[in-house]
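Asker: In terms of numbering that gives the first Met the number 0, the sequence shown opens at residue 0 and continues consecutively.
Input: one structure, supplied below.
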Amino acid sequence: MKLGIAARLALVLALVGALAAGLTGYYIYQASRDIMVASAKAELLVSAHAMAKRMAGTRESVSRNLRLLATHPSALASLQQPTPTALNSMATLFASMMQAQPSFIQIRLIGRREHGLEVVRVDRAQAGPVRIAEGDLQEKGHYAYVSEGLKLAAGQTYLSRLAVSHETGTHLGEGKPTVVMVMPVADPAGHPLGVVAINVDLEGTFDLLLADLPRGVRMYLANSTGDFLLHPVEAMRFGFDRGLRHLVQDQMPPTLALVQRRVNELVFDLPRGEHVDSPLVAAFLTQETEVASGDGSFILGLAQPLADVLATVNNLQGAIVNIVLGLSLASLLVAVVLARALSRPINAIGQAARFFAQGQVYTTLPTQRQDEIGDLARSFSRMQDQISRQLEELEVSRRELSDLARLDGLTGLANRRLFDERLALALARYRRHGVQLALLFLDLDRFKEVNDAHGHEAGDVVLQVVAQRIKANTREVDTPARLGGDEFVVLVTAVEGVDQLEALALKLMATLAEPIQHGDLLLTVGCSIGISRTPVDGDTPEQLKAAADEAMYEVKQAGRNGYRVATPLVSVVNEMG
0 MKLGIAARLA LVLALVGALA AGLTGYYIYQ ASRDIMVASA KAELLVSAHA MAKRMAGTRE
60 SVSRNLRLLA THPSALASLQ QPTPTALNSM ATLFASMMQA QPSFIQIRLI GRREHGLEVV
120 RVDRAQAGPV RIAEGDLQEK GHYAYVSEGL KLAAGQTYLS RLAVSHETGT HLGEGKPTVV
180 MVMPVADPAG HPLGVVAINV DLEGTFDLLL ADLPRGVRMY LANSTGDFLL HPVEAMRFGF
240 DRGLRHLVQD QMPPTLALVQ RRVNELVFDL PRGEHVDSPL VAAFLTQETE VASGDGSFIL
300 GLAQPLADVL ATVNNLQGAI VNIVLGLSLA SLLVAVVLAR ALSRPINAIG QAARFFAQGQ
360 VYTTLPTQRQ DEIGDLARSF SRMQDQISRQ LEELEVSRRE LSDLARLDGL TGLANRRLFD
420 ERLALALARY RRHGVQLALL FLDLDRFKEV NDAHGHEAGD VVLQVVAQRI KANTREVDTP
480 ARLGGDEFVV LVTAVEGVDQ LEALALKLMA TLAEPIQHGD LLLTVGCSIG ISRTPVDGDT
540 PEQLKAAADE AMYEVKQAGR NGYRVATPLV SVVNEMG
């Protein structure tokens, strides 16, 4: 049977429309899938870091409790001259702390003498805290947490290996996964006379962590050798206690890089396998204990079923398939009936499909028609709108992730990448419109002394306050940024003259010289500033940066705490008094 031109046109248009819509749907599905998976991995990694901070916070909380007990006068008295009053005072303090901390299942004061004999011990029982009678106290000197704890300086904490407790007579703690944290009790000369030990219930601690996870997200915790301490399948936990080795690197091969300390964090896909019931996306990281420990470090990970991640994309896939099928059927029916008369509007719809497959929205559609072609055009328009909204939402998510990569994580200022982009734009405006710009390079004075004397935490506080002060003293049109370490830079646009830049430099020097409160400390730094500007110092990023950097170093060599304009008519150095 020979087909006429109308039938052939109808068939061709129907096939083209179906193919275009199918390719568009496939592209959108694949792009949506990749974006959703990447977003899920990023969210899992952020959540894993947050979980690691919570665990570190829990350790610090226990350390604070240990410090309170180890420095209590009754602790030293109980070890030097164990009078009933001192012993009873410690027992009462132990019981009060245990009632306030549900995760504490045992608190002990252990002496150095008599093979590490317990001096005071309070256990958690069903009815509450129970003080152990003197005749039932045990020698613990052969346990590593006692011997290692006695080696520490006053105020330091030792963290035992996370394991199942096999110490007898511990009431609720026996046979449960626990960790022991200890701190030495020292005499006024600093000699350790014993230790305070707190046994922490890991089951309760793990339950609290798991309760905060989103539905469907799985949490994994392993020690430095890869043995699972926490696993969604309970039989996989603490296998080494039963003579088994359930290792994270065996079940999740990419984590071998973490066990071997080749990387500190990673994200990966995990297909279905012997130990994985469904495909997963996962984020794992290494967490150092930051205290003396039998384990040294832990491997923490979060995983989410790929099906949960792609649930939204799969819903979109169904809508795309339905729209494609509807479009194909409508195209065929309309083309068969009115192919010759309606070839132009049908071609318009096919053109729209081809445009949309290339990422362009075709708005010239016969949506005003009150027939099948009009219905088809309106359906296609709705499909464009729906898919465009989905792509816009995905693009917003992508931009948000991109913004996070363009800001300095400590101070919130622009990082080097964003600063370079802003500088390139400012130079382009300068070349087109003559809008002059300048750079102020700031290097903090005496910042290394703060870091060395008070630690990196104090240094981080200084950097954050300095960033806030720089931002508060610059205009919204300017760009303050942190280049790294204690180096900052301000991109000043619409420069009116050197006087404006010198005034800004003096204002920054004055505000940065103000003391910074950190706990009981008042920290003081200054800054040295180098200034470069267009066109006298160049019109490229490299020239302006080099000029400002050289000017700043000249201020350093001249005694610090001042500013220098790179190439004024007469070289200028201004120093704070």
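Backbone N, C-alpha and C fix where the C-beta goes; we use that ideal spot for every residue, glycine too.
Do you know how far the Cα of V464 is from the Cα of D548?
Answerer: One C-alpha to the other measures close to 23 Å.
Asker: Select from H141, L228 and R261 the residue whose C-alpha is nearest the C-alpha of L246.
Answerer: For L246, the nearest C-alpha among the options comes from L228.
Asker: Looking only at DSSP bridge pairs, what is A124 linked to?
Answerer: Its beta-bridge partners are G127.
Asker: Within the continuous beta strand (DSSP E) that includes N560, where are the two ends?
Answerer: Counting along the chain, N560 falls outside any beta strand (DSSP E), and DSSP gives it neither H nor E.
Asker: Classify G317 as helix, strand or coil using the three-state DSSP reduction.
Answerer: Helix.
Asker: Got a sec, what are the start and stop residues for the beta strand (DSSP E) R217 sits in?
Answerer: Unbroken beta strand (DSSP E) run through R217: R217 to N222.
Asker: Determine contact between the stretch 208-225 and the stretch 79-93, defined as no fewer than three beta-carbon pairs at a distance below 8 Å.
Answerer: No, they do not touch.
Asker: Within 10 angstroms of its Cβ, does T204 collect 16 or more other Cβ (buried), or is it exposed?
Answerer: Under this definition T204 is a buried residue.
Asker: Using C-beta distances below 6 Å, list every residue in its chain close to P344, excluding the 5 sequence neighbours before and after it, in chain order.
Answerer: So the list reads P365 and I372, once near-sequence residues are dropped.
Asker: I need the boundaries of the beta strand (DSSP E) containing D451, first residue and last residue.
Answerer: No beta strand (DSSP E) holds D451; the alpha helix (DSSP H) holding it covers F446 to H453.
Asker: Can you list, in chain order, the residues of its chain with a C-beta nearer than 7 Å to that of D287? Leave out the 5 residues immediately preceding and following it.
Answerer: Checking the sequence, you will find Glu at residue 287 rather than Asp. Around E287: S296.
Asker: Under DSSP, the beta strand (DSSP E) around D268 begins and ends at which residues?
Answerer: Note, D268: beta strand (DSSP E), E264 to L269.
Asker: Smallest Cα separation from A188: which of G537, L443, L75 and V554?
Answerer: The option with the nearest alpha carbon to A188 is L75.
Asker: May I have the straight-line CA-CA distance separating Q303 from R217, to the nearest angstrom?
Answerer: Cα to Cα, the separation comes out at about 6 Å.
Asker: Buried or exposed for N222, please, with buried defined as at least 16 other CB atoms from any protein chain shown within 10 angstroms of its CB.
Answerer: By the neighbour-count rule (16 or more Cβ atoms within 10 Å), N222 is buried.
Asker: Out of curiosity, what's the CA-to-CA distance linking Y142 and G110?
Answerer: Roughly 13 Å separates the two Cα atoms.
Asker: Considering only the alpha carbon of each residue, which of V61, R53 and F93 lies closest to H71?
Answerer: When only C-alpha atoms are compared, the closest one is F93.
Asker: Report yes or no: do the stretch 462-477 and the stretch 407-419 share at least 3 C-beta pairs separated by less than 8 Å?
Answerer: Segments in contact, yes.
Asker: Please classify E394 as buried or exposed, where buried requires at least 16 other C-beta atoms within 10 Å of its C-beta.
Answerer: Burial call: exposed.
Asker: Using the beta-carbon count (16 or more within 10 Å), is D477 buried or exposed?
Answerer: The residue is buried, with at least 16 neighbouring Cβ atoms inside 10 Å.
Asker: Quick check: what's the CA-CA separation for G518 versus A457?
Answerer: Each residue's Cα considered, the two are about 9 Å apart.
Asker: Rounding to the nearest angstrom, what Cα-Cα distance links R261 and P253 in this structure?
Answerer: Going from the Cα of R261 to the Cα of P253 covers about 11 Å.
Asker: Under DSSP, the beta strand (DSSP E) around A281 begins and ends at which residues?
Answerer: Start and end: L279 to E287.
Asker: Rounded to the nearest angstrom, what separates V30 and K544 at their Cα positions?
Answerer: One detail in the question is off: residue 30 reads as Ala in this sequence, not Val. Between A30 and K544, the C-alpha separation is close to 40 Å.
Asker: From the DSSP output, in three-state form, read off A152 for me.
Answerer: A152: coil per DSSP, three-state reduction.
Asker: Measuring only the C-alpha atoms, how far is Q467 from P540?
Answerer: Those two C-alpha atoms are separated by around 25 Å.
Asker: So, for Q248: in the same chain, excluding its five sequence neighbours on each side, which residues have a beta-carbon less than 7 Å away from its beta-carbon?
Answerer: Once the five neighbours on either side are set aside, the close Cβ partners of Q248 are G225, T254, L255 and V258.
Asker: DSSP state of T510, grouped into three classes?
Answerer: Looking at T510 - three-state DSSP - the assignment turns out to be helix.
Asker: Does E495 come out as helix, strand or coil in the three-state DSSP assignment?
Answerer: The answer is coil: DSSP assigns E495 none of H, G, I, E or B.
Asker: Closest to D276 by CA distance: which of V129, A471, A318 and Q250 is it?
Answerer: It is Q250 whose Cα lies nearest to the Cα of D276.
Asker: Q556: buried (16+ other C-beta within 10 angstroms of its C-beta) or exposed?
Answerer: The residue is exposed, with fewer than 16 neighbouring Cβ atoms inside 10 Å.
Asker: Heavy atom of the ligand NAD less than 8 Å from the Cβ of E553, yes or no?
Answerer: Ligands in the displayed structure: none, and consequently the ligand NAD is not present.
Asker: Given a threshold of 16 other Cβ atoms within 10 Å of its Cβ, counted over all protein chains shown, does S570 qualify as buried or as exposed?
Answerer: Confidence in S570 is poor, its pLDDT being 40 and thus under 50, which makes the residue's placement unreliable; the coordinate value appears in the next sentence. Counting Cβ neighbours within 10 Å, S570 comes out exposed, since fewer than 16 surround it.
Asker: Are there three or more Cβ pairs, one per stretch, closer than 8 Å when the stretch 136-156 is compared with the stretch 86-104?
Answerer: Output reads no: the stretch 86-104 does not touch the stretch 136-156.
Asker: Just how far apart, CA to CA, sit R381 and G238?
Answerer: Whole-angstrom Cα-Cα distance: 56 Å.
Asker: DSSP has F227 in a bridge; who is on the other side?
Answerer: According to DSSP, which records beta bridges pairwise, F227 is partnered with A221.
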